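Remarks on the structure that follows.
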Ligand code: FES
Ligand code: FES
């Protein structure tokens, strides 16, 4: 970014260093878990469902009489003490934040315990016994709609809980008249941006209001405050929400902390003490939030000249097990820009909101944009290739032209400003598109797999609070009354010594808002940013705030900055009026500079800024007639362009719309399927740049998470609904080695006419463009259509091998195999004992207890039936399991079948195995065995690599122990036999390296 | 090996950023929890508690370790350094901190303590790394905000400043 993009006497536009860094770089940040709590504060831990779908038969908390445990809540308490949490439309889902009668996803809260410390709370959680009756689960949004699919919510008649159909223009006629048509089906995966700091809540019941005081890292929007108060059955002003100074990132995810706030309030109410809960990483990955995965069928019609005349989008948005407000907002936040930046005047959209047995969806940076634009931009590539046209030429022909702004898109977005063609020109020149094309030619000539991709996006910022109402019919909207606008609030005050304080509602999660607001206010008041104190920790009991408050959907630059600008302008005006009486000059002629207020025409006629501030406090009688004392201005700012949804379902979903354009070249290794980015350029026009250092940081951060979404990140589920990516070793986040360098292009900005400083949001662009751009390049390189994210090498390799024809919808071969957490294998081991003595060991609980790794005790509970407690560990996760074993099909001393199950707080498993004992020479026995184990719960969630390793180890230890038990010190010999077997077994398990 | 009884708090003494500290810990108490909640050294952050993210990295007798994978009782007698000890005597930024500041190498700052500690060790051993080497060294620390580019630049700047400082003092 350029060092300076504004006149030299202005602070806005400068690369001002962040004031936030002073604390953060010295370990003095103030995150929730860093702050002191009241003496006596308890700590919570949450018991979670090991099943994707099951009825809760019973919950037995009788073991919780242990010392240090103060309270427990289950779904029953929630159902008694709270009301279901509302979403934006009537629906058949009762959601309490905790399972009441059924669990519907793995990781769903089932009970919460408050104890004197976290360790005791976790012990207590493990002592709760829950009996479940497992139900069939469904994880695929299309399969969820089948008539025989398991129904998640009994009050619903289908797993599709909302369908809306929109016609803009005349799509049917446009399809009928078209020269050509194309159809594409997209499956966008589940991912999130998993902030480094997890959810954190401290809740306390407040006797005098009957309400609650909550400190958390909730990010807003504060429209959810009323969802919480309705659920908790308290007046709105009885729920005091506070956020500390620092939050460790959010990227949308800390919106859906609100159900936990409700649960923690109930727990604190029951415990009669403050309760603190810090989510752990497994909880975050399995149960916090995820972008909805989505199936989109996109159809387009176009002319021979490459003009797209109509789009038809059918979305199946998979929101997981429950809807949590403002879901399914991502579908609707992008509705107005369904045609992206293209001048397409006919559009048909059908939105299906589907529920499945997965973690409920939530906000993720990009909020509906990645899913939508991936479909639209993939379609652009497909149309170009069908026409044999350069995809960039097709993009250019369809983009809105500069003279068309402000441009009302067919679905209602009022695109404020832009020069999309110029951005493309500037990006192509600065990013050296010509070189890229030459590299492609050279690579193709050398027989390499090389592709070029493009992607464009309109980047919305500052959401219209009314857009979610588009989900309702016109009639329902009329009955509910209008909803629109987006109020931002900032207060600027000047104290008796002339010091300036700024308080705002932007709830930052690391973006540097304090620094930027200081820059904005300093410019208005002729001060240095360092003179301005900015407090952005929030407190609903004291701050100015409204529904839209918070940090989401690119809100800060258009909204909070405009409010700060307006509040500072009012302060300036008031101070000018006071100074006018002191300087005997008209207020309009006064300038604010270097800590002084002075007459423009006679700079010597000046008064220090602090004197004017002082007068307003020390001598109200000296103020101009009728003026209020003190100086404190709160601006509540909303833009008139944010109008309600029209009768024809048109909605201006956001206020200001930036533009992004990316292109890239990728090379694919035909041996491994690895996609390497050879060259990448990205350009963003976000209007006025407030601080280039921070704007660039937003782009680079978004780029890295775009790379994550493209190549690595996916919340994986088995077909049975088991969750498979519960650690950062399974849910892969790009490290410094995986995020490549790219060319960042700074196009000529087109400021927004609708925001006070012309600024638009900049934080989301690469969530939209990067996955689409790289997927287009891969499609180009392979001549393959159904490019599915993330681009795991095995998947790409499979496409490469299938060459022309794609795999069946949504199932890449590599994925399907690793998708199920089933462990199986077979092997053999030699034991220095007769088959009879091996047989005796295997049927004797006391001897078995000695050789089962981690087993304390095994008891016979019937004929050839055993139960026992076994400590099992997988990677970092360890837990006590109750194991039940049945021996059947006994053929003494030759073979038997073993059917067993293990259940514990970490999950459950069931399995079966067969062993054959074959006599060998010299009183030895060959034990042949095979087994298959199915896992669910936390153990399954830690994923493939760890499980395979753990299974191998367990069997290794079991066999070594068996050999030892049976044959004295023959263990060493057996062990060496084992090594060869181990390798074979490993190969069988797919773990061989 | 010294066997400690569970459910009993044991005295643990070590030096934290040069100062002698002590406290009581049950054997199962994680070092992160001990530092943060017993000693109030909340600068060390917890991102995953399973050893992957690097947010909790501290220096134990000069080597970078994951404090989430250690028990408090294991550091008896050790010398521990954390982010709280990085600044200069006068409270001013160290060259590494300064470089992070000037390069916009942090946003939320949650990953930052772990990165600063990993890189303190790294630059001690590798005063003149290439960009690529820095990326590899950094790969044990996850950051979700910045995209790493500015962090890499900051580390290279800090290496340069440290070399100059070294050159001037020797
Ligand atoms: S918290 Fe220790 S490595 Fe993540
Ligand atoms: S700065 Fe937020 S995670 Fe690195």
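Chains as they are written, first to last, in my numbering: chain A, 1021 to 2013; chain B, 439 to 608.
For glycine and all other residues, C-beta sits at the position ideal for the given N, C-alpha and C.
For clarity, every value in this text was computed on a predicted model and none was experimentally measured.
- The CB of residue 551 of chain B comes closer than 8 Å to the CB of 1047 in chain A, given here in chain order.
- Listed in chain order, the non-local C-beta contacts of residue 1216 of chain A below 8 Å within the same chain comprise 1268 and 1269, local neighbours out to five positions each way being set aside.
- For the segment 1514-1544 of chain A, the beta-carbon criterion of a distance under 9 Å to any beta-carbon of chain B is satisfied by 1528, 1529, 1530, 1531 and 1532.
- Not one beta carbon of chain A lies nearer than 8 Å to the beta carbon of residue 472 of chain B.
- The alpha helix (DSSP H) runs of length 4 or more contained entirely in the segment 1190-1227 of chain A are, from start to end of the chain, 1191-1197.
- By the Cβ criterion, the segment 1579-1589 of chain A is not in contact with the segment 1611-1627 of chain A, since fewer than three pairs of Cβ atoms, one from each stretch, lie closer than 8 Å.
- Linking residue 1704 of chain A to residue 1724 of chain A through their CA atoms gives a straight-line distance of about 16 Å.
- In this structure, residue 542 of chain B and residue 1714 of chain A form a Cβ contact; the two beta carbons are roughly 7 Å apart against a cut-off of 8 Å.
- By the neighbour-count criterion, in which 16 or more other beta carbons inside 10 Å mark a residue as buried, residue 1077 of chain A falls on the exposed side.
- Between residue 1367 of chain A and residue 1359 of chain A, the CB-CB gap stays under 8 Å.
- Among the residues facing chain A, residue 535 of chain B is included, as its CB has a counterpart in that chain under 8 Å away.
- Spanning the alpha carbons of residue 1229 of chain A and residue 1865 of chain A requires a straight line of approximately 60 Å.
- The three-state reading of DSSP puts residue 1566 of chain A in coil, since its state is none of H, G, I, E or B.
- In the displayed model, residue 477 of chain B falls within coil according to three-state DSSP, outside both helix and strand.
- Close partners of residue 1139 of chain A in chain B (Cβ separation under 7 Å): 466.
- Annotation: Cβ neighbours of residue 481 of chain B in chain A (cutoff 8 Å, chain order): 1046, 1047, 1048 and 1049.
- Distances from the CA of residue 1935 of chain A to each of A:1914, A:1500, A:1921 and A:1092 were compared; the closest alpha carbon is that of A:1914.
- Here the C-alpha atom of residue 1476 of chain A lies approximately 43 Å from the C-alpha atom of residue 506 of chain B.
- Beta-carbon to beta-carbon, residue 463 of chain B and residue 452 of chain B are separated by about 11 Å, too far to satisfy the 8 Å threshold.
- The C-beta distance from residue 1117 of chain A to residue 1346 of chain A rounds to 16 Å, too long to meet the 8 Å contact threshold.
- Counting only runs of 3+ residues, the beta strand (DSSP E) found wholly inside the segment 1112-1162 of chain A occupies 1129-1135 and 1149-1154, in chain order.
- Taking the Cα of residue 1237 of chain A as reference, the smallest distance to any Cα among A:1637, A:1043 and A:1050 is reached at A:1050.
- Take the alpha-carbon of residue 539 of chain B and the one of residue 1038 of chain A: they are about 7 Å apart.
- In the DSSP assignment, residue 1295 of chain A falls within the beta strand (DSSP E) that extends over 1295-1298.
- Take residue 1609 of chain A, set aside five residues on each side of it, and the residues of its chain with a beta-carbon closer than 7 Å to its own are 1619, 1620 and 1621, in chain order.
- Per DSSP, reduced to three states, the secondary structure at residue 1807 of chain A is coil, with no helix or strand assignment.
- Listed along chain B, the residues sitting closer than 8 Å to residue 1217 of chain A by beta-carbon distance are 483, 485, 546 and 548.
- Taking C-beta separations shorter than 7 Å and ignoring five residues to either side along the sequence, the partners of residue 1415 of chain A in its chain run 1400, 1474 and 1476, following chain order.
- Note on geometry: alpha-carbon atoms of residue 1932 of chain A and residue 1919 of chain A lie some 4 Å from one another.
- Using beta-carbon distances, residue 556 of chain B does not count as an interface residue toward chain A, since no partner is under 8 Å.
- Per DSSP, residue 1541 of chain A is not a residue of any beta strand (DSSP E); the alpha helix (DSSP H) it occupies stretches across 1533-1545.
- A distance criterion of 7 Å places the beta-carbon of residue 1352 of chain A beyond contact range of ligand 2, judged by its closest non-hydrogen atom.
- In this structure, the alpha-carbon of residue 590 of chain B lies about 10 Å from that of residue 571 of chain B.
- In the DSSP assignment, residue 1063 of chain A forms a beta bridge with A:1135 and A:1296.
- Judged by DSSP secondary structure, residue 1878 of chain A falls within the beta strand (DSSP E) whose first and last residues are 1875-1882.
- Here residue 1676 of chain A is near residue 1780 of chain A, since their CB atoms are less than 8 Å apart.
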